[in-house]
Structure formats: structure tokens, C-alpha cells
Amino acid sequence: MIRCVQKSVKSPPCGMKILIVVSVTVHISIRADIKFEGEPLRSLSLVSNDELRKIILAAPTKSCELDPLPTKLLKPCVDHLLPSITDIVNTSLSEQCVPLSFKQAVVRLLLKKPSLDKEVLKNYRPISNLPFISKTLEKVVDSRLENHMSSHSLHDTVQSAYRAWNVIPFVRRRYSGLSNH
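Counted from 1, the sequence shown has number 122 at position 122 by our numbering; the numbering is strictly sequential.
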């Protein structure tokens, strides 16, 4: 369910940027006829100050209107703010709960192609900007999930999209039979 917090115009006049703040709630249903056979992930390990510092400093210096402090000011002060940020992230991990403020995004409409009619709303692609700390938490969770899936061989062997260094095995599998013909 997506709920608009701020309303916008139906069709943007030329050159106008549309700014919509949304809050998203996701309900996931699981098919009962599929049985999982693997090691379940029972909890996510907490993040250390050092790991979080590396994630923050490696992240692009982009900010969102929802950020209380722009990223370009956060990074130089990271050592002073790190204990508080680490506490926020670790509380989220240990309670298995994402704060509501992390679920808000600023949505901008971007014209798909410069040649398209700017007055037609379907010619725009929505781009959502999340707060920096939300993206930081996402990277921590992603590293935990990736580690769990790799260490328990839970990745689908034929799935190669969005996986680092996975294109080579895919190409080998795909074209291995060509030399035999």
C-alpha cells in the first residue's frame, strides 16, 4: 500500500518538478505449498562501528530532503556521529523493525526521453530518494543476507542477475555446448 503524504498536480506544466513524499507499507504473503529446505536466518548480526564507518564513507555523497543532515556534512563528522548511528542501526537489526521514518521517500518524476510530451504524466518515470540512514541500514542488511545465503549455498545456480562476479559461470554454462557441435 502506498499512501501519499503530500498531494501533487495531475500533470506537470513544462519544467516543473513534482515532489511527492510517500510512506510505504508492504504485506508479504508466502505460498504454503513450497517447502524451504535450507538453513533459516534467525537473526541479523549487529554492525560494528568500523563496518558502519566503511559503509558510510564508501556511499555516494548524495542527500535527500528527508535527511536531517546532508551527507556532505555527515561524512567529515562521521567519527563523532558514528556511535549514535550504530545504535540506531543495531536497534533496528535486533528488534527486526525498520523505523517508519526510514520507509519514507521523496519521489521525483523524471521525463523518460527529452522528446516526449512533458504534459503527459505517463511519460515520466518515478525516482524515489530514501534518507541516507535508510540506505545505510539497507546495505548492512544486504551484507548479512548475502553472507547467510553464500555460506549456506542458498543462491539459485541459474540466477545470475545482481550477483557480483556471477556472469562468468553463467556464460560458461550458456555456451559450453556450442564447442561440441
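Glycine residues also receive a C-beta, built at the ideal position from the N, C-alpha and C atoms. Just so you know, these numbers come straight off a predicted model, no measurement behind them.
Determine the DSSP secondary structure at residue i, reduced to helix, strand or coil.
i    : result
A105 : strand
S153 : coil
R144 : helix
K135 : helix
T71  : helix
E95  : helix
D117 : coil
L81  : helix
P40  : coil
K62  : coil
L52  : helix
V89  : helix
L46  : coil
L130 : coil
On the CB-based measure, 16 or more other CB atoms within 10 Å of its CB, does residue i come out buried or exposed?
i    : result
T136 : buried
A58  : exposed
E102 : With the sequence shown as reference, residue 102 is identified as Phe, and Glu is not the correct amino acid for it. Result: buried.
V89  : buried
V120 : exposed
L145 : exposed
L93  : buried
S151 : exposed
S84  : exposed
Taking DSSP's pairing of strands, which residues face residue i in a bridge?
i    : result
R125 : L110
Would you mind giving the Cβ-Cβ distance between residue i and residue j, rounded to the nearest angstrom? I have them listed as a contact below 8 angstroms.
i    : j    : result
L66  : V106 : 6 angstroms
V141 : L44  : 6 angstroms
Would you say the beta carbon of residue i is closer than 8 angstroms to some non-hydrogen atom of the ligand FMN?
i    : result
K135 : This structure does not include the ligand FMN; it has no bound ligands of any sort.
Inset, instruction - Check whether the segment 79 to 95 touches the segment 120 to 131, counting contact only when three or more Cβ pairs, one atom from each stretch, lie closer than 8 angstroms. - result: no
Inset, instruction - Could you say if the segment 44 to 53 and the segment 112 to 120 meet the contact criterion of at least three C-beta pairs nearer than 8 angstroms? - result: Contact between the segment 44 to 53 and the segment 112 to 120 is absent, because fewer than three Cβ pairs lie under 8 angstroms.
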